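Asks: Read in my numbering, the sequence shown has 1318 at position 80, and its numbers run on one by one without any break. Here it is, the structure, as C-alpha cells.
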Amino acid sequence: MDLKTYYKQTVVPELAKELKIANLLAVPKLSKIVINVGVGEALTNKKALDIVAGHLTLITGQKPLITKATRAISGFKLRAGRDIGVKVTLRNKRMYAFFKRLTDIVLPRLRDFRGVNPSAFDKQGNISIGFSEYSLFPEMDNADTADYRGLQVTIVTSTKSDEHARELLVKLGFPFTKEK
C-alpha cells in the first residue's frame, strides 16, 4: 500500500479521533515538500548550477526551478537577479514517494542518527531538515561525488499547530527523537 492510500485509510480516521476533529477535511495533511539547494559557486562557475540541477532532478524526478538573488550583497559580490540556487516543490504522488524515501532510506543512512528534534517546527506546522550533502539519497549512488552540496528539505503541512503536525508526521512514520 502506498503512503497516500495509507494516509487516507488509516491516518485520517486515527487523527480525527485523537485530535477530536469532526470534519475529516480539517484533518492535517501534507501540503508540499520543498527541496532547496544553494549554489554560491554559481557566481563564478555557471556549470555548477547545471550539475546541481541535474542531481536534484535525479533525486526528485522533477525539473528544478533556478532561484535568483533577491537583493545585492556586496560582501559576497552578489547582485540582485543573479542565479544562485535551485529548488523543487513536490506535491501529490511525488511528494508522498519522496517522503517515504526520506523516512525509510535517507534518514536511517545518517551517521549517529537518533531522530529529528521535535522542536524543529517553525510555529506554523512546518518542519525543515538540513543535510550537509545529498549523497545519502539512493539515486546518487553512481553519480560523481565531487559536486555534492548541502540541501534543505521543508515539509509543509496544512495545519498551523506544531502539535497537530507532529502527530501527523509520527503517524506517517517520521522519526523524531524521544522526549525525556
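All residues carry an ideal CB built from backbone N, CA and C; glycine is no exception. Note that the structure is a prediction, hence the values are computed from the model and not measured.
Check whether the stretch 1360 to 1375 and the stretch 1392 to 1403 are in contact - that is, three or more C-beta pairs closer than 8 angstroms.
Replies: The stretch 1360 to 1375 vs the stretch 1392 to 1403: in contact.
Asks: Is it buried or exposed for Ala1291, if we count other Cβ within 10 angstroms and need 16 for buried?
Replies: With 16 or more other Cβ atoms within 10 Å, it is buried.
Asks: Taking the alpha carbon of Lys1242 as the reference point, which residue from Ala1335, Lys1306 and Glu1256 has its own alpha carbon closest?
Replies: The shortest C-alpha separation from Lys1242 is found at Ala1335.
Asks: I need the DSSP call for Asn1261, collapsed to helix, strand or coil.
Replies: It is coil, neither helix nor strand.
Asks: In the DSSP assignment, find the beta strand (DSSP E) that holds Phe1369 and state where it starts and stops.
Replies: Phe1369 -> beta strand (DSSP E) spans Ile1365 to Phe1369.
Asks: Ordered along the chain, which non-local residues of its own chain (more than five positions away) have a Cβ less than 8 angstroms from that of Ile1259?
Replies: So the list reads Leu1253 and Val1265, once near-sequence residues are dropped.
Asks: Among Pro1413, Lys1409 and Lys1416, which one has its Cα closest to the Cα of Lys1255?
Replies: The candidate whose alpha carbon is nearest that of Lys1255 is Lys1409.
Asks: When the Cα atoms are used, what is the spatial distance from Lys1416 to Pro1346?
Replies: Rounded to the nearest angstrom, the two C-alpha atoms are 16 angstroms apart.
Asks: Can you tell me which of the three DSSP states Asp1288 falls into?
Replies: Correct three-state label for Asp1288: helix.
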